[in-house]
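Here the protein sequences come in this chain order: A and H.
The first sequence runs -9 to 1081 under the numbering used here.
The second sequence runs 794 to 1150 under the numbering used here.
For each residue, glycine too, the CB sits at the ideal point set by N, CA and C.
As the structure is a computational prediction, the values presented were derived from the model and not from experiment.
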Amino acid sequence: MLLTNDQPTPATTMKMPQKVLLLGSGALKIGEAGEFDYSGSQALKALKEEGIFTILINPNIATVQTSEGVADKIYFLPVTPFFVEKVIRKEKPDAILLAFGGQTALNCGVALYQSGVLEKYNVRVLGTPVQAIIDTEDRELFVRKLDEIQVKTIKSQAVETVEDARRAAAGLGYPVIIRAAYALGGLGSGFCDNEQELDALAEKAFAFSPQVLIEKSLKGWKEIEYEVVRDRFDNCITVCNMENFDPLGIHTGESIVVAPSQTLTNNEYHKLRELAIRIVRHIGIVGECNVQYAFDPDSEDYRVIEVNARLSRSSALASKATGYPLAFVAAKLGLGYGLFDLKNSVTKVTSAFFEPALDYVVCKIPRWDLGKFRGVDRELGSSMKSVGEVMAIGRTFEEALQKGIRMIEQGMHGFVGNRELEIPDIDKALHEPTDKRIFVISKAMRAGYTIDQIHDLTKIDRWFLQRLMHIVHTMQALEQQAIGTPDMDAAGIDPELIRTAKKQGFSDFQIARALGFERFTTPEEAMRIIRQWRKKHGITPVVKQIDTLAAEYPAQTNYLYLTYSGSADDVHYTGDHKSIIVLGSGAYRIGSSVEFDWCGVQALNTIRREGYRSVMINYNPETVSTDYDMCDRLYFEELTFERVMDIIELENPHGVIVSTGGQIPNNLALRLADCHVNILGTSAESIDNAEDRDKFSAMLDRIGVDQPEWSALTNMDDVNAFIRKVGFPVLVRPSYVLSGAAMNVCSNQEELERFLQLAANVSKKHPVVISQFIENAKEVEMDAVAQHGEIIAYAISEHIEYAGVHSGDATIQFPPQKLYVETVRRIKRISRQIARELDISGPFNIQYLARENDIKVIECNLRASRSFPFVSKVLKINLIDLATKVMLGLPVEKPHKSLFDLDYVGVKASQFSFNRLQKADPVLGVDMASTGEVGCIGDDSAAAILTAMLSVGHRIPKHNILLSTGAAKHKADMLDAARLLAKKGYKLFATGGTSRFLTDNGVENTLVYWPSESGQPQALDMLHRKEIDMVVNIPKDLTSGELSNGYKIRRAAIDLNIPLITNARLASAFINAFCTIDMEQIAIKSWDEYK
Amino acid sequence: MQQNTPASLRLENGTIFQGKSFGYEKSVAGEVVFNTAMTGYPESLTDPSYSGQILVLTYPLIGNYGVPADQIKNNISMFYESEKIHVRGVIISDYSFEYSHWNAAKSLSDWLKEQKIAGMYGVDTREITRILREQGSMNGCLQMESEAPIPFDDPNAVNQVDVVSCREVIRYGNGSKKVVLVDCGVKHNILRCLLKRDVTILRVPWNYDFSTLQYDGLFISNGPGNPDHCEAAVAHIRAAMNADKPIFGICMGNQLLSKAGGAKIYKLKYGHRGHNQPVRMLNSNRCFITSQNHGFAVDDKTLGSEWEPLFVNMNDGTNEGIRHKSKPFFSAQFHPEASSGPTDTEFLFDNFVELMH
């Protein structure tokens, strides 16, 4: 570069588009979750500010971005080239954004570009050019591109003889990885440390494949990421770098991640930073991108792993970690702005061209729900299995990590002080990490392993381990002070020790446990004593701001966290009682995700509009509710009782809303109320009366509402006696747990015992409720808002599957299409009775069973449910807005329209991520298994079902369908659908019983054989040869042996990416839909066009 | 393992922060300044521009990667920015008693003790920063509790450049172009950056009259404190300008060149110290993230008519560099040599060397 300020630069003015299409990411799935709601919402906000008309395609109806007022037009349609082209043809946008909807949007955009659609309709791609995206996505192009600027990538060499393998390995340097080319499932691959090992392994690999790939092994290297922003004037910044706690080999989505990096020297940090900028300039990114490195722990050697030319999970994390709104800025840069044109949105006065300086450390921890999947491989590796994540902020690593462990909400109190895990072989568990990895380290440290030993087995940098060891030492110091009396002063507890513990992120519970309080009092009482004692000794947390500049500039930022490493608050509290605190929903998990984020954001909006100060507490970096623009104050903090009370004591709020964040805040209601916190809306006592099955059922009996026969039981003998009376199947429900253990069907003794064990782990204080399971019953949901016990608005929706499929996995249609009027009337009447009896003020949900006109209540939650955004958007009445007004004590009117007025149908379908969960049986029933959902609208039920099923990844089959339709009842249920398929000209293949049944009923089919049978053709072979376009496999009963025939077929369908349906009623509905409507006939109508 | 000698920071405005010592146990007084960088403590502590100052690091976790062993090769430190630590004291929030890095030879604590430099941890460094931001840089005492209170000391009262500059001419390298480097407290990465560009360096004391030396270009280094103490250097620079040979200045060098060009210097409220300072090249769309460490700034409105600003700070609009309108003289207030910090502007060294051809 020359020292001149008059060289040519790109034109300063760029034509501003008038109408922009943004592609969303669809349903939440493993690897593609809420972060894209956040990035899409930010982008839409950035466009809106410019007065640009925005169109959004995203079938994920539970997102904030698909709410009224975020985009000008919203299409609940699949993000696939077919549908996007139709929307383009209709809307004629002049530009498109591809970088804000994850890999789904990116792939779709690249396909539209390559097929010439974008050019045909004259749609300009804003931001990074498509060719640059292709250069990063295509491995070969990518390596070549980086070679051009002398940047090292991970390369593999293809060889065909052992001699060539040796030569290649010698060139790369040991250790190397060997992979057999074209072999699925890692057959014939492994690590070699020397030529001897290479010879042995190469020979084996050549047995599987004529070609073998040799690659340098970087196992144990550090994994480092940079988030880079570039404008079209070639100005570049790195907003944040991040370091994985776990070394290379574990997917970054599975790793604990810290920001900024902790173990890099200045030289290393800036070497990688300079490379990142060089790469981003060379590729030609305009907007945001992420560069991932492998970094040698013993030198400054590195390799670039990959570049993501789009907003990503990491960029969402980086935005939250730094306060730098990456998606917002990226959208502005796509419009043609330079970074110098934009302001830092935290300070409002300094430039957006800067790199945030952090004065805290953040720690991201993944949340897994592997316990919900049968047979799943628990070992962490190169593919992502976690379903959510948390971000914790502290001024020590220990503080951030321990906060984070509590935030993942899996019953752990921190790094220490937990129920002991049983680990038979610690060495093995350290060496082969699973989702329990961090607790294995804790156990090893307490078992006397040295830092070096753990480092050797895990390759985790010693610095992290040293820090973890501090926590163990502090725990041991506390244990040495164990007391026998609640009087901590008399027992001589050293305040400095407690202060140290708090600085290391110990909760009062951990301290209580270490000091031995459990021997003489309850945990709640112990925590109360410690809290009071701490306050007396001045050991309280302080509030600090996240201001992007480490306090260098005054910032009126409302983005806050609490820490014990500090002596003064950044915030001045006026004590005006004008705050309303909304408790968020925490980490996304199976059973609680973006839908509760939507609820929280709607509550915040209403609170603001009504003139109160809106305050959010939440810690999930993938959410919109943790965007500091969404509220007047954001505490990026734990939702534990202790921390929520800390914040309440600082804020002195008018009240707290616990009913829009799912089960976590709901569970806090009673304890908060005990501390005289003003719970807005329905009283904590009523919440408890609904949550406690015993109290709730007693109430139903009292008001004469029917329920399945049930009993609250605490031991196996009573359970068995009860089941002898009602018979299998039974419903098993532990209290106070949202999903997985919320409502489960057990059809035999083995299942029952397995589930009860699971249930006992999550809920000790409340007995397990077992009730009779009514087969072939419809399940109906009532979502409603009441005021002082009177229902103001409601939505009744109907499951397509019969009861027995977890309500979170079921396909739901609203308004109901096949319910008797009498059923609806009865449901309304019962709901009114319950609302009155519990004196509900706010949102609630009741689940019903309906057979004939016999109605039974399954359960009732006095909070918003998973289906609130879906029914609110289909009904076009914002139930949370209404509920929030009720909770604020404002007058509300009953809406003028009801579900009976709707001339269209909404269908909510579930998204499964079985393809990520190796070996898991993709069958529904016992535990909730879906990771996300979509909601689509159609002029009739079939159109809505078809669109919804296509949105969750199903495809209309072309020719061949494999049927195994289970028990006689299901076979009969499926007969009409099978006839329809045959009539439409589909070729049916069926396994033994099904084939016989179809033939007997005159449906032409070809018999295929189960894996355990010897005949030809084999069903599995047909799947492997991709001769089957769709599999309908209905399990005979709810038992699922891992090695059964059905499992093999189902698993093969998932692994080979062949659409699979395992429920007869859903299969019939879907088949009926695609046999009666053609894809071309699906109406391309935006949300507002359904009137 | 954890040491617990109590220490405190007493600021001129009366505020006291209690913490614990982790360095050499001797009370010190100096000007308290903060730096917002997240990496690079070995580089910062050995930067001569910090002479006389007590440095507060806003990033809370310090000491993580230890300190590399010092090796001086051909009068240049391998890993540091000078031969020794120049800060009078260092104040942090969370000290890493253990460290982890392949290139580390000792802990930060051991290094401080070895060099007899005070250090304190366990204090709210963000709060100190807020006070300095609101009330401006001020003097302070890092006080060991075991010692009698010591008085404040204003390092700007003396010529800090004279404290850190070399005492005699030192020659480096054997490149084709010869550069006279006026040493106001030069960081060794400036030497490294020049040497790798085929340059011979004649490093001269700050007040040395280099007019008798043969050279192709003049470089004026960074340095500590108030530039108004350095009139002797300004006079030499002004004389050198008659020769029309290329001149390049960094940090203090920018201020001295500006003074030679007629401008006035003023003290910033709390200075720029960090790795994230954005600058823009004037009349262009080119922006750079820079490493900075200065408490004084050039008032570019007072520049002579032959001069113009070259860079401006995008946050507060202060001057970040100047150039002569017709002659090959230019300077940067920031640190193109980085170390520590971002390396975006190293091309300025290329520009300087090109001008000598």
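Tell me whether residue i sits in a helix, a strand or coil according to DSSP, three-state version.
i, result
"Asn751 (chain A)", "Residue placement at Asn751 (chain A) is flagged as unreliable, the pLDDT there being 49, under the threshold of 50; a coordinate-derived value is accordingly withheld."
"Gly365 (chain A)", "coil"
"Thr1066 (chain A)", "helix"
"Ser844 (chain H)", "coil"
"Gly730 (chain A)", "Note that Gly730 (chain A) scores 40 on pLDDT, short of 50, meaning its location in the model is unreliable; the coordinates nonetheless yield the value given after this. Three-state result, Gly730 (chain A): coil."
"His789 (chain A)", "strand"
"Ala170 (chain A)", "strand"
"Ala919 (chain A)", "coil"
"Gln936 (chain H)", "strand"
"Asp479 (chain A)", "coil"
"Thr650 (chain A)", "coil"
"Pro414 (chain A)", "coil"
"Asp773 (chain A)", "strand"
"Arg692 (chain A)", "helix"
"Pro859 (chain A)", "helix"
"Cys926 (chain A)", "strand"
"Leu804 (chain H)", "strand"
"Pro1135 (chain H)", "coil"
So, are the CB atoms of residue i and residue j less than 8 angstroms apart?
i, j, result
"Thr1136 (chain H)", "His260 (chain A)", "yes"
"Ile269 (chain A)", "Val297 (chain A)", "yes"
"Val861 (chain A)", "Ala957 (chain A)", "no"
"Val720 (chain A)", "Phe763 (chain A)", "yes"
"Pro998 (chain H)", "Cys959 (chain H)", "yes"
"Val1091 (chain H)", "Asn1019 (chain H)", "no"
"Asn867 (chain H)", "Tyr965 (chain H)", "yes"
"Asp773 (chain A)", "Ser920 (chain A)", "no"
Nearest CA to the CA of residue i: which residue from the options?
i, options, result
"Phe1122 (chain H)", "H:Gly1134, H:Phe1142, H:Ala1131 and H:Asn1106", "H:Phe1142"
"Met1107 (chain H)", "H:Leu1075, H:Ser1119 and H:Ile1115", "H:Leu1075"
"Phe1127 (chain H)", "H:His1117, H:Gly1088, H:Leu1096 and H:Thr1095", "H:Gly1088"
"Val795 (chain A)", "A:Lys846, A:Ser821 and A:Ser900", "A:Ser900"
"Thr813 (chain A)", "A:His527, A:Lys80, A:Ile845 and A:Ser376", "A:Ile845"
"Ala776 (chain A)", "A:Ile450, A:Leu828, A:Pro287 and A:Trp700", "A:Leu828"
"Asn967 (chain H)", "H:Arg1079, H:Leu984, H:Val954 and H:Val849", "H:Leu984"
"Arg1066 (chain H)", "H:Gly823, H:Ile878 and H:Thr829", "H:Thr829"
"Asn857 (chain H)", "A:Leu662, A:Ile817, A:Phe454 and A:Met459", "A:Phe454"
Can you tell me whether residue i sits near the ligand MG, meaning its C-beta is under 7 angstroms from at least one heavy atom of the ligand?
i, result
"Lys333 (chain A)", "Of the ligands one can find in the structure shown there are none, so the ligand MG has no counterpart to examine."
Inset, instruction - Would you list, in chain order, the members of the stretch 250 to 277 of chain A that have their beta-carbon closer than 7 angstroms to a beta-carbon of chain H? - result: Hits within the stretch, in order: Pro250, Gln252, Thr253, Leu254, Thr255, Asn256, Tyr259, His260, Arg263 and Glu264.
Of all the residues that make up the stretch 127 to 159 of chain A, which are near chain H by a beta-carbon distance shorter than 9 angstroms?
-> Residues passing the 9 angstroms Cβ filter: none.
If contact is defined by three or more beta carbon pairs under 8 angstroms, each pair taking one atom from either stretch, is the stretch 321 to 341 of chain A in contact with the stretch 266 to 286 of chain A? In short, these stretches touch, since the Cβ pair count reaches three.
Between the stretch 96 to 106 of chain A and the stretch 118 to 131 of chain A, can you find at least three pairs of beta-carbon atoms closer than 8 angstroms? By the criterion of at least three beta-carbon pairs nearer than 8 angstroms, the stretch 118 to 131 of chain A is in contact with the stretch 96 to 106 of chain A.
Q | Inter-stretch contact (C-beta, 8 angstroms, three-pair minimum) for the stretch 574 to 589 of chain A and the stretch 609 to 621 of chain A | A | Using a Cβ-Cβ distance cut-off of 8 angstroms, the stretch 574 to 589 of chain A and the stretch 609 to 621 of chain A are in contact, since at least three pairs of beta carbons, one from each stretch, lie closer than that value.
Item to complete: Would you list, in chain order, the members of the stretch 891 to 911 of chain H that have their beta-carbon closer than 8 angstroms to a beta-carbon of chain A?
Response: Within the stretch 891 to 911 of chain H, the residues whose Cβ lies closer than 8 angstroms to some Cβ of chain A are Glu891, Tyr892, Ser893, His894, Trp895 and Asn896, listed in chain order.
Exercise for review: Can you give me, in chain order, the residues of the stretch 538 to 564 of chain A that have a beta carbon less than 8 angstroms from any beta carbon in chain H?
Suggested key: Under the 8 angstroms Cβ criterion, the stretch 538 to 564 of chain A contributes Leu539, Ala540, Ala541, Glu542, Tyr543, Pro544, Ser555, Gly556, Ser557, Ala558 and Asp560.
With a threshold of 8 angstroms, are at least 3 pairs of Cβ atoms found where one atom belongs to the stretch 880 to 890 of chain A and the other to the stretch 780 to 795 of chain A?
Touching, yes, given that three or more Cβ pairs across the two stretches are closer than 8 angstroms.
Could you check whether the stretch 864 to 871 of chain A touches the stretch 692 to 707 of chain A, counting it as contact only if at least three pairs of C-beta atoms, one from each stretch, sit closer than 8 angstroms?
The stretch 864 to 871 of chain A vs the stretch 692 to 707 of chain A: no contact.
Using 8 angstroms as the cut-off, can you tell me whether the stretch 1050 to 1070 of chain A makes contact with the stretch 873 to 882 of chain H, which would need three or more C-beta pairs spanning the two stretches below that distance? Between the stretch 1050 to 1070 of chain A and the stretch 873 to 882 of chain H there are fewer than three C-beta pairs closer than 8 angstroms, too few to call the two in contact.
| request: Answer yes if the stretch 241 to 254 of chain A comes into contact with the stretch 815 to 828 of chain H, meaning at least three C-beta pairs across the two stretches below 8 angstroms, and no otherwise. | output: The stretch 815 to 828 of chain H, when compared against the stretch 241 to 254 of chain A, does not touch it at the 8 angstroms Cβ threshold.
- Item | Cβ pair count under 8 angstroms reaching 3, the stretch 965 to 981 of chain H against the stretch 840 to 851 of chain H | A contact exists between the stretch 965 to 981 of chain H and the stretch 840 to 851 of chain H.
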